[in-house]
Each structure stands twice: as C-alpha cells, then as structure tokens.
Amino acid sequence: MVNSLTVTFSRRVTLRAGSLRLVDSNGRPVEGRVTNPSKDGRTFVIRPGAAGRSLPDGSYTFVVNGSRVSDRSGAAAVASQTFRFHRLFGDFDGDGHLGPLDRDVFRSAYGKTVSASQLWYADYNGNGLVDAADLFQFNQRRKRH
Ligand SMILES: [Ca+2]
Ligand SMILES: [Ca+2]
Numbered sequence: 320m321v322n323s324l325t326v327t328f329s330r331r332v333t334l335r336a337g338s339l340r341l342v343d344s345n346g347r348p349v350e351g352r353v354t355n356p357s358k359d360g361r362t363f364v365i366r367p368g369a370a371g372r373s374l375p376d377g378s379y380t381f382v383v384n385g386s387r388v389s390d391r392s393g394a395a396a397v398a399s400q401t402f403r404f405h406r407l408f409g410d411f412d413g414d415g416h417l418g419p420l421d422r423d424v425f426r427s428a429y430g431k432t433v434s435a436s437q438l439w440y441a442d443y444n445g446n447g448l449v450d451a452a453d454l455f456q457f458n459q460r461r462k463r464h
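Just so we're aligned, residue 320 is where the sequence shown starts under our numbering, counting upward by one.
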C-alpha cells in the first residue's frame, strides 16, 4: 500500500504551489494533500488520492521543484530532485513482478487477520482479513506481471 510520501529537507523551507508534484506513467498529475504534521517546516507528508486508500498500481514520478522551494530569505533552498517508483499489489519484494517469493508470502498471509499479524500489505480491500477477495486481486496481477 502506498498512501503517503514523506519528504524531509535539511532545513526549514517554504513550499510554493507546484513545489511537490506526483505524476503517473501517462504524465497525469496525481493530486495530493501536503501537510507538515510536526510543524517543523522540514518534513512534509503528501497523501495522494482518497483518504486511507493506496495509489493504484502503476509507475509514478515524484518531483521536488527546487525553484518553488525557498528558505527564510526567500532564496531557492534546494536543487530539483526526481524520484521514480512503482506500486504493484502483491509485489512484496519490490522487484516489479509477482514471482514465487511473492506467492509464498501471500500464501503464508492467507486467512490471517491483519491486526494480529501486521499483514496490512496483503489486504487489498482493507477489510482486516487476508481473504478470497485479496487472493483474487493477487491472482489477477500474477497473470499480468
Ligand atoms: Ca516481486
Ligand atoms: Ca481483505
């Protein structure tokens, strides 16, 4: 599940519109709410999409636009940075494919409750149980990846 991104700057900054941008593999912007929970002006949390839900499967690019990030003096505070990542339900080892290792992890999780086992990552529909609905989603992706 990818339901937030966290960016930490080395010092206090001010973010202007367009400073943090997330786009999908088609270049479409993914809207997200940006907060600074600790109010330190350094660590920002971006929550894209619907509350409590993961980003959909896909490849993403996250851009920090340095020209839109300023320090106390108003000067540009950082160089621009680009990060690429993917989200694929069931890809427990993060290699971009659903292979034997992912299958074994899912099998060991199947039938367990999330709260007792911390298996939230195998609970696609978020109902608290790694169940047939999650297995269906896992198998759908195994055919494609
Ligand atoms: Ca994998
Ligand atoms: Ca479930």
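Built from N, CA and C at the ideal position, the CB exists for glycine as well.
Quick one: residues in its chain with C-beta nearer than 6 Å to the C-beta of V449, no 5 flanking neighbours on either side, listed in chain order?
Within the same chain, Cβ atoms closer than 6 Å to the Cβ of V449 are found at A428, Y429, K431, L438, A441 and D442, the five residues on either side in sequence being excluded.
DSSP-derived helix/strand/coil call for L374:
L374 falls in the coil class under three-state DSSP.
Identify the continuous beta strand (DSSP E) that holds V424 and give its terminal residues.
Segment P419 to A428 is the alpha helix (DSSP H) holding V424; no beta strand (DSSP E) there.
Alpha carbon to alpha carbon, how far is G447 from A435?
G447 and A435 have their C-alpha atoms roughly 9 Å apart.
Taking N384 as the reference, give the member of L339, I365 and P367 with the closest Cα.
Ranking L339, I365 and P367 by Cα distance to N384 puts L339 first.
Per DSSP, the bridge partner or partners of S389
In the DSSP output, where bridge partners are listed per residue, S389 has T333 and A395.
Assigned exposure category for F363 - 16 Cβ within 10 Å defines buried
Under a 10 Å Cβ-count criterion, F363 is classified as buried, with 16 or more other Cβ atoms of the shown protein chains found around its own Cβ.
Within this structure, are the beta carbons of R406 and G377 separated by less than 8 Å?
By the CB criterion at 8 Å, R406 and G377 fall inside the cutoff.
In the DSSP output, which residue or residues are listed as bridge partners for P367?
Per the DSSP secondary-structure output, P367 pairs in a beta bridge with G351.
Return the first residue and the last residue of the alpha helix (DSSP H) that R403 is part of.
Careful: R403 lies outside any alpha helix (DSSP H), inside the beta strand (DSSP E) at Q400 to R406.
Segment contact flag, the stretch 453-464 with the stretch 407-415, C-beta cutoff 8 Å, min 3 pairs
The stretch 453-464 is in contact with the stretch 407-415.
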